[in-house]
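Numbering (the working numbering), first residue to last: 1 to 84.
Shown next, in the form of structure tokens:
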């Protein structure tokens, strides 16, 4: 799922993501990829998992990784054609 960081408190290590489905999802720092840092208004992709207090964001990646992978897959066939 895609969304935008609504806010993230680095000291408390949690925040919320406003998702494209119109819902807000809780996110904890442990849901981030190693080395990633969330900042307000960052675009993110994530999965949703049911937590103790309701749905939460997991496997959070900063940026729109899906678009980047789509662009990479579109470039690969062009490179193959040049090599042929």
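Heads up, the beta-carbon is just placed ideally off N, CA and C, and yes, glycines get one too.
Since we're looking at a predicted model, the values are computed, not measured.
Legend entry - Alpha-carbon spacing of residue 43 relative to residue 51, whole angstroms: For the pair residue 43 and residue 51, the Cα-to-Cα distance works out to about 22 Å.
Inset, instruction - Give the range of the beta strand (DSSP E) segment to which residue 50 is assigned. - result: Residue 50 -> beta strand (DSSP E) spans 43 to 51.
Inset, instruction - Pull up the distance between the alpha-carbon of residue 54 and that of residue 6, whole angstroms please. - result: Roughly 18 Å separates the two Cα atoms.
Inset, instruction - Output yes or no for whether 8 Å exceeds the beta carbon distance between residue 45 and residue 2. - result: It is a contact, given that the beta carbons lie within the stated cut-off.
Legend entry - Complete beta strand (DSSP E) runs within the region 8 to 39 (minimum length 3 residues, chain order): Runs of the beta strand (DSSP E) lying entirely within the region 8 to 39 and spanning at least 3 residues, in chain order: 14 to 19 and 24 to 28.
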